[in-house]
Amino acid sequence: SIALNTIFAEAADTAVSLAPDDPQTHYTIAVLSERVFSDENVRKSIAEYERATALTPNDFRTWLALGKAREHGDDAAGAEKALRRALELAPNYSEVRWILGNVLLRRGKTDEAFDELRRAAETSADFASPTVSTAWQMFDGDLEKINRYLGDAPTIKSALVAYLMRAKRFDEAVQIWNTLSADDKRATFRVNSDALFNQLTQAKKYRAALQITTQLNDFSPEKPAVGRIYNGSFEDDVKTSGANFFAWQIQDGAQPQIGVDASQKHGGGHSLTVVFNSVAGRDFRSVSQTIAVESGAKYAFQSFYKSQLKTAATLRWEIADAADGRVLAQTAPVDAASDWTNLKTEFVVPANSEAVVVRLAREVCKTTLCPISGRVWFDDLSISQ
Numbered sequence: 008s009i010a011l012n013t014i015f016a017e018a019a020d021t022a023v024s025l026a027p028d029d030p031q032t033h034y035t036i037a038v039l040s041e042r043v044f045s046d047e048n049v050r051k052s053i054a055e056y057e058r059a060t061a062l063t064p065n066d067f068r069t070w071l072a073l074g075k076a077r078e079h080g081d082d083a084a085g086a087e088k089a090l091r092r093a094l095e096l097a098p099n100y101s102e103v104r105w106i107l108g109n110v111l112l113r114r115g116k117t118d119e120a121f122d123e124l125r126r127a128a129e130t131s132a133d134f135a136s137p138t139v140s141t142a143w144q145m146f147d148g149d150l151e152k153i154n155r156y157l158g159d160a161p162t163i164k165s166a167l168v169a170y171l172m173r174a175k176r177f178d179e180a181v182q183i184w185n186t187l188s189a190d191d192k193r194a195t196f197r198v199n200s201d202a203l204f205n206q207l208t209q210a211k212k213y214r215a216a217l218q219i220t221t222q223l224n225d226f227s228p229e230k231p232a233v234g235r236i237y238n239g240s241f242e243d244d245v246k247t248s249g250a251n252f253f254a255w256q257i258q259d260g261a262q263p264q265i266g267v268d269a270s271q272k273h274g275g276g277h278s279l280t281v282v283f284n285s286v287a288g289r290d291f292r293s294v295s296q297t298i299a300v301e302s303g304a305k306y307a308f309q310s311f312y313k314s315q316l317k318t319a320a321t322l323r324w325e326i327a328d329a330a331d332g333r334v335l336a337q338t339a340p341v342d343a344a345s346d347w348t349n350l351k352t353e354f355v356v357p358a359n360s361e362a363v364v365v366r367l368a369r370e371v372c373k374t375t376l377c378p379i380s381g382r383v384w385f386d387d388l389s390i391s392q
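Residue 8 is where the sequence shown starts when you use the numbering used here, and the numbers rise one by one after that.
See the structure below:
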């Protein structure tokens, strides 16, 4: 409160009268004077900081405080002088460079200002985002100028990626992200990397998102790729939760049971088995995968299956547009009882879409109750142009 600050200030004044050469008492009076906003107190705080610096000329903290106070007092030239002295004493202290850079910027010394701001951001991630924000406003989002003034330090690049994401400039964000080292992408700036991936999927920029996730994560036996079903032969495990965005996704639920099976396979050593035991048949736990594709391209889909089912409404594979969920194609229904058989269909990707969803769907049942039991195996799913 003002009353409490006044009491403290009076006590500090008394301390100064008792020890006029103690820099700490002058520093304390300066700090307390700043808390009460008036022209008189601004002048007093500056005078006390000046006295403190005179008594401790090699303490960067008093010069830094004096520089801030002079800036508040609209003495930009004096602020610059004090801050440059603070920088001489503490050349590795990022806050000094950050404050000096802002003072220089307000004085119209753009080149010198961004040299200090850049160096502050290079040595402290805390100043990277505000430095990028300052440059963005100064140069009206001109990326060429921003890069020229801020350089290519990883801290700045990562902050710039985040800023470009917020501006929905995804292509440029990915371009800059790709210049980071593998360690920076996966570890140092992992939070920004994950945020970029999430923003890209929300914006339906699936090909760029695929590029990001394959650099961030380890895949086995091969990485997801544009125009290819990942783990279509089910040689790798299929997770029931926590799967990568471009891997097989299994919905929550109890029916049907879904997993990898080594006892039946069309090729390789495994297949996907789907086991039903439902009296009503209303519940259906689907399995699906989002696949990045070329816009406007024509693809052929195929899957092999073996079935031992008892049901009036069997299954089929659907290919849907990942952008709006519209079904682009579907296979013929799975026969209730069959040895390994091929299912095929073709689809054309919409010109404005970058991904499709391949999903297992149940045929429409014509009765209220539609019991289903037994199992079906799927293997060697693929798409090709």
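Glycine included, every Cβ here is placed at the ideal spot set by N, Cα and C.
Just so we're clear, the structure is a prediction, and the values are computed from it rather than from any experiment.
The alpha carbon of residue 243 has as its nearest neighbour, out of 108, 266, 372, 33, the alpha carbon of 266. Residue range 30-41 is occupied by the alpha helix (DSSP H) that includes residue 34. DSSP lists 324 as the beta-bridge partner residues of residue 367.
Residue 347 carries a strand assignment under DSSP once its states are collapsed to helix, strand and coil.
Residue 185 sits in coil when the DSSP states are folded into three classes, being neither helix nor strand.
With three or more CB-CB distances shorter than 8 Å, the stretch 228-241 counts as touching the stretch 292-306. Looking at the DSSP output, residue 265 bridges to 281. Here residue 63 is not bridged, per DSSP, to any residue. The DSSP-derived three-state label of residue 58 is helix. The C-beta distance from residue 293 to residue 271 rounds to 21 Å, too long to fall under 8 Å, and the pair is not in contact.
The C-beta distance from residue 312 to residue 341 rounds to 6 Å, short enough to meet the 8 Å contact threshold. By the Cβ neighbour-count rule, residue 109 is buried, with 16 or more other Cβ atoms within 10 Å of its own. Rounded to whole angstroms, the gap between the alpha carbons of residue 388 and residue 278 is 10 Å. A distance of 9 Å or more separates the beta carbons of residue 104 and residue 84. In this structure, the alpha-carbon of residue 192 lies about 20 Å from that of residue 209. With a threshold of 16 other beta carbon atoms within 10 Å, residue 305 falls short and is exposed. Excluding its 5 nearest sequence neighbours in each direction, residue 68 has no C-beta neighbour in its own chain below 6 Å. Secondary structure note for residue 312: its beta strand (DSSP E) is the uninterrupted segment 305-318.
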